[in-house]
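The opening residue of the sequence shown carries number 112 in my numbering; numbering runs sequentially from there.
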Amino acid sequence: MKKTTSLLCLLLALALFFVSAFADTGAPSINWYEVFVYSYADSDGDGIGDLRGLIGKLDYIRELGYDGIWLMPVMPSPSYHKYDVTDYMNIDPEYGSLDDMGALVKAAHEKGIRLIIDLPVNHTSTQHPWFLSAVNALKKGEDNNPYIEYYNFTKTPDSKTVPVEGTDWHYEEQFSGGSMPDLNLDSQAVREEIREILRFWLTDLNVDGFRLDAVTSFYAGNDPKSIEFLRFLKESAEQIKPGSFLVGECWKGLHQIADYYQSGIDSFFLFPASQAEGYIASSMRARKPAEAYVKNYQKVKDALPDVLWTPFLSNHDTGRTVGLVQGRQAPERVKFAHALLGLMEGFTFTYYGEEIGMAGAGEDPNKRLAMDWGDVPRTNQPPGVTREEYPFPPVNEQMQDPLSIFNYVKALNHLRQTYPEIALGETAFEQVNADSLLMRKSLFDAELYLAVNFSAKETRDITLPASLTLQDGLYTGEEKAVLNGETLSLPPYGIAVLLPKR
Ligand SMILES: [Ca+2]
Ligand SMILES: [Ca+2]
């Protein structure tokens with residue numbers, strides 16, 4: 112009975128993966144790569160990364176083992192980060208043109224890479240024509256301007272409002288000081304605009320979906336209303352292009368994230384697994400790291416059963432992995448953090464530059480440094496950078512070094528692609544010691560085991576069932592796993608892939 116139930120759950124989960132997330136486009140994209148276009152690759156020599164530059168790196172991304180890309184905002188904006196949009200149906204001229212975007216999507220699809228774009232619709236720029244028109248009208252004392260209802264203007268200010276100069280009006284701004292007035296998402300006119308924006312990108316530009324920015328700020332302090340708005344976004348996207356992939360930024364704890372899944376959005380970033388205090392990095396620091404990892408993994412399973420997870424270590428708003436795991440002098444720790452991420456179920460997201468162990472912490476621009484290719488000049492650094500640090504060699508050097516972080520991340524990505532049980536299967540922990548564990552991944556009738564050594568020393572603590580053979584592995588150094596009868600010896604931070612004997 113138990114088995115039938117869990118099989119049904121698994122079938123349901125798979126149905127979600129294959130039918131809902133990816134209707135007619137084949138296997139799901141399981142390894143996603145987040146790109147900040149500004150800092151990535153410059154095609155025209157003006158020092159700013161652009162879409163044509165990214166097109167030139169698609170082979171790199173594909174060979175590294177990524178089959179999905181999330182682009183931080185590409186729409187016109189007065190800021191370098193472009194989270195304050197002035198035109199939702201265009202490309203910022205710094206990055207290129209709509210034709211370039213069309214070419215990027217086409218080229219990505221030809222290489223089997225899906226592409227989603229950031230959609231910040233909690234707020235616009237103060238320079239958006241809607242806001243300029245509304246404010247202009249209020250200053251003239253006109254109250255019949257159609258754009259006034261697009262924002263939340265009020266005459267009773269609070270800590271989240273900003274005065275409109277020369278009037279007694281104030282507007283809501285959740286991200287204070289960012290020149291980012293919140294949209295009034297109750298307005299039917301705003302919802303119609305947003306539906307048209309979704310249609311434009313999904314249909315005219317043929318992107319595969321969206322990363323939804325700041326979803327808990329849609330209706331700040333009112334989760335049910337934010338969830339209702341997310342449902343509107345999901346239903347609209349499904350009507351426009353079934354199978355569109357939507358992933359939301361709900362920067363909260365597990366239980367609040369679980370509530371947000373009720374919206375029908377495909378997935379939400381697993382913030383509790385990310386950053387220095389998150390499940391992955393904190394497990395590595397624990398006195399009994401394997402036990403800590405399993406305990407954390409189980410927490411996620413309990414809170415988020417039967418939904419698609421999107422775990423990650425870092426993004427453009429967080430410190431980078433090198434800092435999270437004290438990895439500057441210990442690249443093996445950086446590699447192993449990636450492995451602990453990659454062994455998780457669901458779609459993993461990796462921020463550009465993590466594949467070479469780039470550093471970044473503190474002020475936001477420091478977390479968004481120019482990609483370090485080595486064979487071409489870096490782009491300009493984003494304005495406001497106070498610390499430029501590259502602890503490991505650039506891409507072109509790491510490519511040549513079989514023991515580099517780059518080649519480790521590449522091997523990990525390929526492992527996830529070779530054995531879809533890892534990302535899409537069900538995870539069970541067969542043996543858990545203080546410093547090592549044996550996990551089983553099963554998907555329909557396929558099954559594999561992963562033996563993981565969490566320590567900086569060799570281990571022989573795992574006792575294997577006699578029915579397994581050593582198939583593959585992922586190693587931070589030159590030493591590999593050895594199976595002698597039922598005794599498996601694993602090198603420091605070593606991971607062995609074992610299959611049932613046929
Ligand atoms: Ca450029
Ligand atoms: Ca809002």
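No residue lacks a Cβ here, since even glycine has one placed at the ideal position from N, Cα and C. Just so we're clear, the structure is a prediction, and the values are computed from it rather than from any experiment.
Does the Cβ of residue i have 16 or more other Cβ atoms within 10 Å, making it buried, or fewer, making it exposed?
i: glycine 332; result: exposed
i: histidine 366; result: exposed
i: proline 513; result: exposed
i: asparagine 247; result: exposed
i: aspartate 170; result: exposed
i: alanine 300; result: exposed
i: glycine 211; result: This sequence places aspartate at residue 211; glycine is not what is there. Aspartate 211 comes out buried.
i: alanine 132; result: Here the model assigns alanine 132 a pLDDT of 44, short of 50, so the residue's position is not dependable and the matter cannot be decided.
i: asparagine 524; result: buried
i: aspartate 377; result: buried
i: threonine 580; result: exposed
i: serine 270; result: exposed
i: threonine 529; result: exposed
i: alanine 577; result: exposed
i: lysine 217; result: exposed
i: alanine 403; result: buried
i: arginine 613; result: exposed
i: lysine 266; result: exposed
i: serine 425; result: buried
i: proline 422; result: buried
i: alanine 219; result: buried
i: serine 347; result: buried
i: glutamate 465; result: buried
If you draw a straight line from the C-alpha of residue i to the C-alpha of residue j, how long is it?
i: leucine 309; j: arginine 498; result: 37 Å
i: glutamate 58; j: proline 531; result: Any answer about residue 58 is impossible in this case: the structure gives the chain only from 112 up to 613.
i: lysine 412; j: glycine 207; result: 42 Å
i: glutamate 205; j: aspartate 161; result: 7 Å
i: phenylalanine 555; j: aspartate 546; result: 30 Å
i: tyrosine 604; j: alanine 441; result: 12 Å
i: glycine 457; j: proline 268; result: 43 Å
i: lysine 251; j: tryptophan 280; result: 12 Å
i: histidine 541; j: leucine 549; result: This sequence places glutamate at residue 541; histidine is not what is there. So the alpha carbons of these two residues sit roughly 5 Å apart.
i: lysine 345; j: tryptophan 241; result: 24 Å
i: arginine 551; j: aspartate 315; result: 43 Å
i: leucine 122; j: proline 292; result: Because leucine 122 sits at a pLDDT of 45, beneath the cut-off of 50, its placement in the model cannot be relied upon, and the following sentence gives the value as read from the coordinates. Distance between the alpha carbons of leucine 122 and proline 292: 43 Å.
i: proline 504; j: glutamate 303; result: 49 Å
i: proline 611; j: alanine 557; result: 9 Å
i: proline 189; j: serine 244; result: 17 Å
i: glycine 588; j: asparagine 507; result: 20 Å
i: phenylalanine 264; j: isoleucine 172; result: 44 Å
i: valine 608; j: aspartate 583; result: 5 Å
i: leucine 559; j: lysine 193; result: 43 Å
i: leucine 357; j: valine 196; result: 19 Å
i: serine 140; j: glutamate 284; result: 35 Å
i: tyrosine 282; j: valine 487; result: 45 Å
i: leucine 594; j: asparagine 564; result: 14 Å
i: leucine 341; j: threonine 490; result: 36 Å
i: glycine 158; j: phenylalanine 517; result: 25 Å
i: alanine 522; j: isoleucine 305; result: 40 Å
i: methionine 186; j: glycine 359; result: 18 Å
i: glutamate 388; j: proline 257; result: 46 Å
i: glutamate 443; j: threonine 574; result: 25 Å
i: isoleucine 467; j: tyrosine 519; result: 10 Å
i: proline 494; j: asparagine 477; result: 9 Å
i: threonine 461; j: glutamate 253; result: 49 Å
i: proline 416; j: glycine 485; result: 43 Å
i: glutamine 437; j: glutamine 511; result: 25 Å
With a threshold of 8 Å, are at least 3 pairs of Cβ atoms found where one atom belongs to the region 140–147 and the other to the region 536–543? no
Every unbroken beta strand (DSSP E) inside the region 353–420 [3 residues or more]: You should have 356–359.
Please give the ranges of any alpha helix (DSSP H) in the region 236–297, keeping only runs that are unbroken, at least 4 residues long and fully inside the region. 240–250
For the 8 Å Cβ check, are there 3 or more pairs between the region 358–376 and the region 315–331? yes
Taking contact to mean 3 or more Cβ pairs, one atom from each stretch, closer than 8 Å, check whether the region 211–226 and the region 168–181 are in contact. yes
Are three or more beta carbon pairs between the region 588–600 and the region 565–576 nearer than 8 Å? yes
Contiguous alpha helix (DSSP H) assignments of at least 4 residues, all confined to the region 175–231: 209–221
Three or more C-beta pairs below 8 Å linking the region 488–508 and the region 396–414: no
Taking only runs that begin and end inside the region 427–485, name each unbroken beta strand (DSSP E) of 3 or more residues, in chain order. 459–462
Would you list the residues whose beta-carbon is nearer than 7 Å to any heavy atom of ligand 2, in the order they occur in the chain? Asn233, His234, Glu283, Gln285, Asp293, Leu294, Leu296, Ser328, Phe329, Tyr330 and Ala331
Is the region 427–444 touching the region 386–393, taking contact as three or more C-beta pairs under 8 Å? yes
Taking 5 Å as the limit, tell me which residues put their C-beta closer than that to any heavy atom of ligand 1, in chain order. Asp153, Asp155, Asp157, Ile159 and Asp161
Cβ contact check for the region 473–487 and the region 443–459: 3 or more pairs under 8 Å: no
Let me know the alpha helix (DSSP H) ranges lying completely inside the region 321–353, each 4 residues or longer, listed in chain order. Within the region 321–353, the runs of alpha helix (DSSP H) at least 4 residues long that lie entirely inside it are, in chain order, 334–351.
Jot down the residue ranges of each uninterrupted beta strand (DSSP E) in the region 489–562, minimum 3 residues, whole runs only, in chain order. 537–543 and 547–554
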